[in-house]
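Asker: Below you'll find the structure I mean.
In structure tokens:
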């Protein structure tokens, strides 16, 4: 009979039995010694040894032709294992897998999993509860009982019969890297009360339980997943502390006890023998002194503490001799069976000893009713697992668990102050994993919230860059994801992160730390103003922490552990909720660019297509080899199109809309002028400040009367340009020559467009900000606006997208990927007058920011009044078209014949231009490389006018 047909028949029979059970609720099947005796009598020695082995699998989709499924089949049918441990996976895959595995096995399999915090801990979608330590803060036996009961109902629904929980370790070592929040706390009676309540709950729902890790893993500073911890405790101390919860668990009827891979030399005659392999601990102490009659299961034999110190043959023989009934996760199952079989045949292990373990295993399977029904009804899963009622109770537990340890400056509950803005730092001690629910919850309440992820992967430069984005209105919310995880071997904050948080505090930033894991990390950052403990990164705990922070729930949690040197067990500040409804602070939004139909932006599509004619004809006339045009109105992009190629060569790359262009003098407005606007807003420069105030070398004669306003309006008296690149060989020499440049007319009396004036303004920005111009612009302009393709000195990796410019006689080569302007090149590629590269889309974002009055989406870059000031004509020189940095239309103008008086923009020598009409809420970006192959080509002048006229004529309203 095939597996599929057999499975159908078995499940059909099983569902009849399931229906009988579920009508009245689950009940234990009771003893069935006849089945146990009969089954045991039919088994040979190898089958009996197989029953003592628990193999492992992932509960995910497995193709029936895969090696993974073949391995499972082989393990069940050939080695007759007694059970399977499921690591994690999907709910339905788990149920289907357990049914299929059960159909393969002659004797029902005992399926188990680690459900320390509920089924959702391993199988997303099921109910996940707060950590044990979080439950410990509440001290509620009711919570622990319901946690067990709900875990049991969900586990049984997907075919799992046994959980390796509760953790009965007393966490009396703050440096413990593997127990920590998995424990209920440091008080043995608290651990005993809550652990036994969990056991009763599991039993009420029909699930076997395991007390672990005997005789107590709480006083270790080494993770047994990686190495073998040594505990100096004697029996007196164990009786006072570690053994208390295990004694209570035995009294409560716990089904299994899991051994710990730890060495207790004062309890064993073999000084290097871990509890898992110790006859003194498992037999003399656990079986005889504590009178435990249930199953003893080893912790996973694949863990480092065992496999790094003992051979597998030695391990399994000693474990069985010591008294272990179940060998969990051995690495080589055939080797294990063969080894134990040999020892039995040689008389070193009696078959009676094997029979004792197997009889207990079979008895527990009968107790569960698996001899009558081993299958689950897939259709019932959605009625039980992940019930809203279950998850609601888990959320209530999380709310009650939040503990306020410290609250200086009264930052909790969050004060309603529009001038305070949260910044969430998601901090990890390893590679980030899991959902950052807390940050999302904060953002729901404060839309303007910024969030950053930092950790042991962060270097000093990235931390410094992140800190630069902070301002005096920010409150730091440090979400500490320092969690307990097997194999890590540590549970503390990275040193560079603790120093970073301390520096922020020293600089005056309010810092609230929220621990979503190890509560002891406070000892690393005691300077923080407030400290909340959530004890885990479960979604409900992260949501509860946000609610507590904003005063939406009462805070009543009490520390279940001592934070050494600072706070005793039982400490916890109590605060009543102050808000009936969630705090919602909306941030102003400015329009952001969207792609749209031309009609949505107010254009006639047919008329707008005239632009195609203008540009294709210009390319045919060799005005430029290629171009990108972007037209947007009212935040809607009506046209973004690429034309032609990178060069005139037949095999040249075709132009694309994401092509990167050398902007030439458009640098003056996008970078230098905008940087000046930012410093002006901050009060760090004034328009009528003399240049010599910032650059002392620029002095003598008329130089002393030149102001920043003169530089921005091109009325400084400086000449248009000089060929510094031909006369000097170093940037230092060029700068000195710039400072010595003669003034050709009294400042403010004439308008003469000057590269040199903007070069000087770029230097002023560097002097005031203390940063290179390119770095300042990147941090203050391009990054906030997400202009990802805008930069000075573009990287070689983007060269394939960069449009080449001139075949330069001075450099003797095609200029490609480096600034075309020779003076900017001689200054290292970064200067106030030229050097910036960008795309049409990035420039459109920038121009939309100006149309929005200095804001894009939620980012306020420049004050609205500053935008108005800098983009209107200054009339410093009567009749001049110059604004501050920007130009406005004059006759003739590259902006065409139809733009309004309030229009502003700028052109670049390489064939670029940007123009904005605030009245029409219109922007036009026109990018070409008209200087290819030579700058002598000036045909673009006519094309610019035709293009901008076509844009205005295409407006439906015109």
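Numbering (the numbering used here), first residue to last: 34 to 991. In this text, a Cβ means the ideal position worked out from N, Cα and C, and glycines have one as well. Bear in mind that the values here come from a model prediction, so they are computed numbers and not experimental data.
Excluding the 5 residues preceding and the 5 following residue 971 in the sequence, name in chain order all residues of the same chain whose CB lies nearer than 6 Å to its CB.
Answerer: Walking along the chain shown from the start, residue 971 turns up at place 938. Counting only Cβ-Cβ distances below 6 Å, and skipping sequence neighbours, we find nothing.
Asker: Sort 330, 499, 383 by Cα distance to residue 811 and report the nearest one.
Answerer: To locate residue 811, count along the chain shown from 1; it is residue 778. Comparing Cα-Cα distances from residue 811 to each of 330, 499, 383, the minimum goes to 499.
Asker: Return the CA-CA distance between residue 717 and residue 817, expressed in angstroms with no decimal places.
Answerer: On the chain shown, residue 717 is found 684 positions in, with the first residue counted as 1. On the chain shown, residue 817 is found 784 positions in, with the first residue counted as 1. Distance between the alpha carbons of residue 717 and residue 817: 20 Å.
Asker: Round the Cβ separation of residue 68 and residue 404 to the nearest angstrom and send it over; I've been treating them as touching at under 8 Å.
Answerer: As a working note, residue 68 is residue 35 in the chain shown. As a working note, residue 404 is residue 371 in the chain shown. About 5 Å separates the Cβ atoms of residue 68 and residue 404, confirming a contact at the 8 Å cut-off.
Asker: Below 8 Å on the Cβ atoms is my contact criterion, and I expect residue 714 with residue 725 to pass it. Report the Cβ-Cβ distance as a whole number of Å.
Answerer: Start at 1 with the first residue of the chain shown, and residue 714 comes out as number 681. Start at 1 with the first residue of the chain shown, and residue 725 comes out as number 692. Contact doesn't hold; Cβ gap of about 23 Å is too wide.
Asker: Please classify residue 406 as buried or exposed, where buried requires at least 16 other C-beta atoms within 10 Å of its C-beta.
Answerer: Looking up residue 406 in the chain shown gives position 373. Looking at its Cβ environment, which holds 16 or more other Cβ atoms inside 10 Å, residue 406 is buried.
Asker: Let's see if you can read the secondary structure: which residues bound the beta strand (DSSP E) around residue 455?
Answerer: By one-based count along the chain shown, residue 455 stands at place 422. 454 to 461 is the span of the beta strand (DSSP E), which, as asked, contains residue 455.
Asker: Where do the N-terminal and C-terminal ends of the alpha helix (DSSP H) with residue 532 fall, by residue?
Answerer: Taking the chain shown and counting its residues from 1, the one referred to as residue 532 is at position 499. Element bounds for residue 532: 528 to 539.
Asker: So what does residue 810 bridge to, in DSSP terms?
Answerer: The residue given as residue 810 occupies position 777 in the chain shown. Residue 810 is not bridged to any residue.
Asker: How far does the alpha helix (DSSP H) with residue 176 in it extend, from its first residue to its last?
Answerer: Position 143 of the chain shown, counted from the first residue, corresponds to residue 176. For residue 176, the enclosing alpha helix (DSSP H) has its first and last residue at 174 to 190.
Asker: CA-CA distance, residue 790 and residue 760?
Answerer: Within the chain shown, the letter at position 757 stands for residue 790. Within the chain shown, the letter at position 727 stands for residue 760. Each residue's Cα considered, the two are about 19 Å apart.
Asker: Distance check for residue 447 and residue 533, CA to CA, integer angstroms please.
Answerer: Residue numbering aside, residue 533 sits at position 500 when the chain shown is read from its first letter. Residue numbering aside, residue 447 sits at position 414 when the chain shown is read from its first letter. Straight-line Cα distance between these residues: approximately 23 Å.
Asker: Quick check on this structure: which residue in 378, 788, 784 has the alpha carbon closest to the alpha carbon of residue 757?
Answerer: The count along the chain shown starts at 1 and reaches residue 757 at position 724. Among 378, 788, 784, the Cα nearest to that of residue 757 belongs to 788.
Asker: Less than 6 Å between C-beta atoms, sequence neighbours within five positions excluded: which residues of the same chain meet that for residue 935?
Answerer: Position 902 of the chain shown, counted from the first residue, corresponds to residue 935. If we look at residue 935 and ignore the five residues flanking it on each side, its Cβ neighbours are 951, 952.
Asker: When we look at the beta-carbon of residue 948 and count the other beta-carbons within 10 Å, is it buried (16 or more) or exposed?
Answerer: Walking along the chain shown from the start, residue 948 turns up at place 915. By the neighbour-count rule (16 or more Cβ atoms within 10 Å), residue 948 is buried.
Asker: With DSSP collapsed to three states, give me the class of residue 613.
Answerer: Sequence index remark: in the chain shown, residue 613 carries index 580 (1-based). Here residue 613 sits in coil by DSSP.
Asker: Go through its chain and collect everything with a Cβ distance to residue 423's Cβ below 7 Å, but skip five positions before and after it.
Answerer: Taking the first residue of the chain shown as 1, we reach residue 423 at position 390. Hits under 7 Å: 160, 183.
Asker: Residues bridged to residue 666 by DSSP?
Answerer: Position 633 of the chain shown, counted from the start, is the residue given in the question as residue 666. Per DSSP, 669, 955.
Asker: Quick check on this structure: which residue in 624, 545, 578, 531 has the alpha carbon closest to the alpha carbon of residue 558?
Answerer: Locating residue 558 in the chain shown gives position 525, counting from the first residue. Nearest option by C-alpha distance: 531.
Asker: Please give the ranges of any alpha helix (DSSP H) in the region 834 to 867, keeping only runs that are unbroken, at least 4 residues long and fully inside the region.
Answerer: The qualifying runs are 855 to 859.
Asker: Do you know offhand how far residue 444's Cα is from residue 219's?
Answerer: Indexing the chain shown from 1 puts residue 444 at position 411. Indexing the chain shown from 1 puts residue 219 at position 186. Looking at the two C-alpha atoms, the distance is approximately 29 Å.
Asker: For residue 359, I'd like the list of residues in its chain whose CB is within less than 8 Å of its CB, leaving aside the five on either flank, ordered along the chain.
Answerer: As a first step, residue 359 must be located in the chain shown, where it is residue number 326. Only 85, 86, 87, 115, 116, 289, 328, 329, 330, 331, 390, 394 meet the Cβ criterion.
Asker: Which residues in the same chain as residue 641 place their Cβ atom closer than 7 Å to its Cβ, once the five residues preceding and following it in sequence are excluded?
Answerer: Your numbering for residue 641 matches position 608 in the chain shown. Taken in chain order, the residues that qualify are 631, 671, 672, 987.
Asker: Measuring straight from C-alpha to C-alpha, what distance separates residue 372 and residue 78?
Answerer: Numbered from its first residue, the chain shown carries residue 372 at position 339. Numbered from its first residue, the chain shown carries residue 78 at position 45. Roughly 12 Å separates the two Cα atoms.
Asker: Give me the DSSP bridge partner(s) of residue 950.
Answerer: Indexing the chain shown from 1 puts residue 950 at position 917. Looking at the DSSP assignment, residue 950 forms a beta bridge with 955.
Asker: Indicate whether residue 204 and residue 251 have their beta-carbon atoms separated by less than 7 Å.
Answerer: Locating residue 204 in the chain shown gives position 171, where the first residue counts as 1. Locating residue 251 in the chain shown gives position 218, where the first residue counts as 1. Contact flag set, yes.
Asker: From residue 560 to residue 437, what distance separates their C-alpha atoms?
Answerer: Residue 560 sits at position 527 when you count from the first residue of the chain shown. Residue 437 sits at position 404 when you count from the first residue of the chain shown. Distance between residue 560 and residue 437, taken at the CA atoms: about 15 Å.
Asker: Straight-line CA distance for residue 727 to residue 503?
Answerer: Locating residue 727 in the chain shown gives position 694, counting from the first residue. Locating residue 503 in the chain shown gives position 470, counting from the first residue. Near 26 Å, if we compare the C-alpha coordinates of residue 503 and residue 727.
Asker: For residue 690 and residue 873, what's the separation of their Cα atoms in angstroms?
Answerer: On the chain shown, position 657 is the one that residue 690 refers to. On the chain shown, position 840 is the one that residue 873 refers to. Each residue's alpha carbon lies about 7 Å from the other.
Asker: Could you compute how far the alpha carbon of residue 342 sits from the alpha carbon of residue 262?
Answerer: Here residue 342 refers to the residue found at position 309 when the chain shown is read from its first residue. Here residue 262 refers to the residue found at position 229 when the chain shown is read from its first residue. Straight-line Cα distance between these residues: approximately 12 Å.
Asker: Going by beta-carbon coordinates alone, are residue 931 and residue 985 separated by less than 7 Å?
Answerer: Against the chain shown, residue 931 aligns to sequence position 898. Against the chain shown, residue 985 aligns to sequence position 952. One thing to note: residue 931 has its Cβ within 7 Å of the Cβ of residue 985.
Asker: Throw me the rounded Cβ distance for the residue 782 and residue 853 pair, which I believe falls under 8 Å.
Answerer: Taking the chain shown and counting its residues from 1, one reaches residue 782 at position 749. Taking the chain shown and counting its residues from 1, one reaches residue 853 at position 820. With a Cβ gap of about 32 Å, residue 782 and residue 853 do not count as contacting.
Asker: Please identify the residue among 771, 191, 236, 578 whose C-alpha is closest to the C-alpha of residue 428.
Answerer: Indexing the chain shown from 1 puts residue 428 at position 395. The shortest Cα separation from residue 428 among 771, 191, 236, 578 belongs to 578.
Asker: For residue 107, which of helix, strand or coil comes out of DSSP?
Answerer: Sequence index remark: in the chain shown, residue 107 carries index 74 (1-based). Looking at residue 107 - three-state DSSP - the assignment turns out to be helix.
Asker: So residue 120 and residue 89 are in contact, right, with Cβ under 8 Å, and what is the actual spacing, rounded?
Answerer: Here residue 120 corresponds to residue number 87 of the chain shown, with the count starting at 1. Here residue 89 corresponds to residue number 56 of the chain shown, with the count starting at 1. Contact holds; Cβ gap of about 6 Å.
Asker: Quick check on DSSP: helix, strand or coil for residue 359?
Answerer: Position 326 of the chain shown holds residue 359. If DSSP states are grouped into helix, strand and coil, residue 359 belongs with the strands.
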